[in-house]
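J.:
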Amino acid sequence: LASVFAVSRMLTMLTDMEMIPHSHFGMPGPIREHTLVYTVVIAGVLTVLFDLSRIASLGVFFYLVMDILIHWGVFRRLRHEIGARGSMLIAAIALDMLVLGVFGAMKLQSDPLIVVIALAAIAVVFAYERVFLSRWTAEREHGGH
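Here our numbering runs 4 ahead of the position in the sequence shown, where the first position is 1.
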């Protein structure tokens, strides 16, 4: 239950920062309540579609890819500003990639469908984020919302 509220609060914060899109879908109330509803609905859909081990596997794939991308972003854009050691960031990326590769290989042997689902879901997220961020950046450059 605490995780649901934590995710909901994080989504609210990102929505307030205009980093992710938001739609009210006709619901009254503040964004915080909307993100709580979205989180519960998504969790419910995942629970209906997948067993717990598959949900956990999806979480591993998403987490490791996200961790690699965050480390890469810090390495490319922020390491000098925040004083991060490049060698540590590269080591973290390499270790994440190693774990992702081993986990992916194991899952390909035991449950190849979840690997395909994870790859497809990650590709959809990447495509959507690319479209959203290109529009968001264009609006910021032209001063509109």
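Ideal Cβ placement from N, Cα and C applies to all residues, glycine included.
Using a threshold of 8 Å, state whether the C-beta atoms of Ile118 and Leu62 are closer than that.
T.: yes
J.: In three-state DSSP terms, what is Met101?
T.: helix
J.: Pro32 to Met101, Cα distance in whole Å?
T.: Cα to Cα, the separation comes out at about 43 Å.
J.: Is the beta carbon of Leu93 sitting closer than 8 Å to the one on Val78?
T.: yes
J.: Does the pairing of the stretch 33–44 with the stretch 7–23 give three or more beta-carbon distances under 8 Å?
T.: yes
J.: Nearest-angstrom Cα distance between Ser158 and Ser138?
T.: Absent from the model: residue 158. The displayed extent of the chain is 5 to 149, so no value can be given.
J.: Measure the C-alpha to C-alpha separation of Gly30 and Tyr42 and round it to an integer number of angstroms.
T.: 13 Å
J.: State buried or exposed for Leu53, treating a residue as buried only when at least 16 other CB atoms are found within 10 Å of its CB.
T.: exposed
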